[in-house]
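For reference, the structure discussed in these notes is given below.
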Amino acid sequence: FLPTPAALAAVAAIAGVGAATAVVWRTQVVAGLGLIPAMFVPLVIEGEVTQLGAGFVAVVLAATVALTVREGWLESLLAGALASFSQVVLLLAESDPGRDSGTAAIAAVFWLLYLAAAVGHEVRPASSPSITVARPVGGAVLLLLTIALAGAVVLDLHPDSPATVAAVAAGFWFLYLAVGLAHQRRV
Numbered sequence: 034f035l036p037t038p039a040a041l042a043a044v045a046a047i048a049g050v051g052a053a054t055a056v057v058w059r060t061q062v063v064a065g066l067g068l069i070p071a072m073f074v075p076l077v078i079e080g081e082v083t084q085l086g087a088g089f090v091a092v093v094l095a096a097t098v099a100l101t102v103r104e105g106w107l108e109s110l111l112a113g114a115l116a117s118f119s120q121v122v123l124l125l126a127e128s129d130p131g132r133d134s135g136t137a138a139i140a141a142v143f144w145l146l147y148l149a150a151a152v153g154h155e156v157r158p159a160s161s162p163s164i165t166v167a168r169p170v171g172g173a174v175l176l177l178l179t180i181a182l183a184g185a186v187v188l189d190l191h192p193d194s195p196a197t198v199a200a201v202a203a204g205f206w207f208l209y210l211a212v213g214l215a216h217q218r219r220v
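Numbering (the numbering used here), first residue to last: 34 to 220.
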């Protein structure tokens with residue numbers, strides 16, 4: 034067996050081959066099969082959610098967001114967001130609120146990736162009629178993940194400030210609304 038970092042590097046290489054194949058073949062299924070399962074490998078290898086594993090998942094999520102937003106593959110984008118969200122929630126649940134800044138920093142990276150996915154999804158033109166129908170639902174799911182994680186990060190850093198969580202959530206909702214309205218005016 035390989036040590037955890039070497040195993041994660043091997044999984045990253047396999048996921049990278051899957052993503053490259055998906056781009057060449059222009060097929061969403063291959064992208065999903067290459068990237069989404071890779072997000073669960075750290076949990077299987079380590080037996081628990083750790084900062085190293087979550088950092089790996091963040092890298093795979095970044096690749097997933099970049100590829101799926103570029104190609105307009107909403108289903109794979111949502112699958113990747115939901116798969117990674119479950120792990121960052123587990124990481125936050127096991128952290129020591131107010132004392133574990135490393136976990137909060139990793140969660141903040143996920144939050145930024147969800148925000149980038151939501152905005153990228155919103156401003157990218159729909160690539161097919163089926164995406165046009167699912168587009169508002171996809172945007173709403175990504176926005177909810179962004180808001181939920183922003184609130185969780187704030188609570189992890191400042192566990193005694195629920196009003197701050199509400200302010201952060203409202204701020205991101207308004208930001209996303211502004212991006213959507215600006216994009217709608219261009220179309």
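For glycine and all other residues, C-beta sits at the position ideal for the given N, C-alpha and C.
{"Asked": "Alpha-carbon spacing of Pro-169 relative to Leu-210, whole angstroms", "Found": "12 Å"}
{"Asked": "C-alpha gap between His-191 and Pro-130, whole angstroms", "Found": "7 Å"}
{"Asked": "Residue environment, Gly-12, which counts as buried when at least 16 other CB atoms sit within 10 Å", "Found": "With the chain covering 34 to 220 only, the question about residue 12 has no answer from this structure."}
{"Asked": "Environment of Trp-144 [buried if 16+ CB atoms lie within 10 Å]", "Found": "buried"}
{"Asked": "7 Å Cβ cutoff met for Val-187 and Val-201", "Found": "yes"}
{"Asked": "CB contact flag (Phe-205, Ala-183, <7 Å)", "Found": "yes"}
{"Asked": "Contact between the region 56-75 and the region 122-141 (3+ Cβ pairs under 8 Å)", "Found": "no"}
{"Asked": "Cβ neighbour criterion (16 or more within 10 Å) applied to Val-156", "Found": "exposed"}
{"Asked": "Option nearest Arg-132 by Cα separation, candidates Glu-108, Phe-89, Asp-193", "Found": "Asp-193"}
{"Asked": "Per-residue burial, Leu-178 [other beta carbons within 10 Å of its own, 16 or more giving buried]", "Found": "buried"}
{"Asked": "Exposure label - Gly-80; buried when at least 16 CB within 10 Å", "Found": "exposed"}
{"Asked": "Proximity below 7 Å, CB of Gly-113 to CB of Leu-94", "Found": "yes"}
{"Asked": "Cβ-Cβ distance between Val-63 and Gly-51 below 7 Å", "Found": "yes"}
{"Asked": "6 Å CB neighbourhood of Glu-108 in its chain, flanking five on each side removed", "Found": "none"}
{"Asked": "CA nearest to the CA of Leu-100, picked from Ala-43, Ala-150, Ala-203, Thr-37", "Found": "Ala-150"}
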